[in-house]
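Numbering (the UniProt record's numbering), first residue to last: 1 to 133.
What follows is the structure in structure tokens.
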């Protein structure tokens, strides 16, 4: 999966690059207590595969309309503390679910734009603290 820099995430949060990325969602894969201690502005805390399944291919996805034909789907930016284990694992799990969901129409993906934040929250907070709350 592709990686993006903390500076690119900052730019997205500041409304830049809308021509190439009109919608995005930051997925914080850290534990709830880590998320409560500080997180990226507007991030969703998803710390287990069950919550990820629900959010993107379960009832929550249906409510969000993400599975509707022609729906605009956000780029997904995953991170954990260092983006070394939890975020890549959950992002890979989502890609696997997406492949299974779209098996009959390969290579189509419901969520084609999945990214991992380089250096995770640790690097983002160190270099771009203005986007953290």
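The beta-carbon is built from N, C-alpha and C at its ideal position, and this holds for glycine as well.
Check: Closest Cα partner of residue 75 within the set 109, 39, 7 and 104; Outcome: 109
Check: Rounded Cβ spacing between residue 80 and residue 30 (contact assumed at less than 8 Å); Outcome: 5 Å
Check: Beta-carbon contacts of residue 118 that lie in its chain and below 6 Å, excluding the five residues immediately before and after; Outcome: 3 and 5
Check: Residue of 124, 27 and 107 minimising C-alpha distance to residue 91; Outcome: 27
Check: Closest Cα partner of residue 49 within the set 73, 96 and 43; Outcome: 96
Check: Length of the line joining the Cα atoms of residue 12 and residue 47; Outcome: 23 Å
Check: CA-to-CA distance, residue 43 to residue 124, given in whole angstroms; Outcome: 13 Å
Check: Cut-off 6 Å between Cβ atoms - residues of its own chain near residue 128, not counting five sequence neighbours on either side; Outcome: 6 and 10
Check: Pairwise C-alpha distance: residue 126 and residue 54; Outcome: 32 Å
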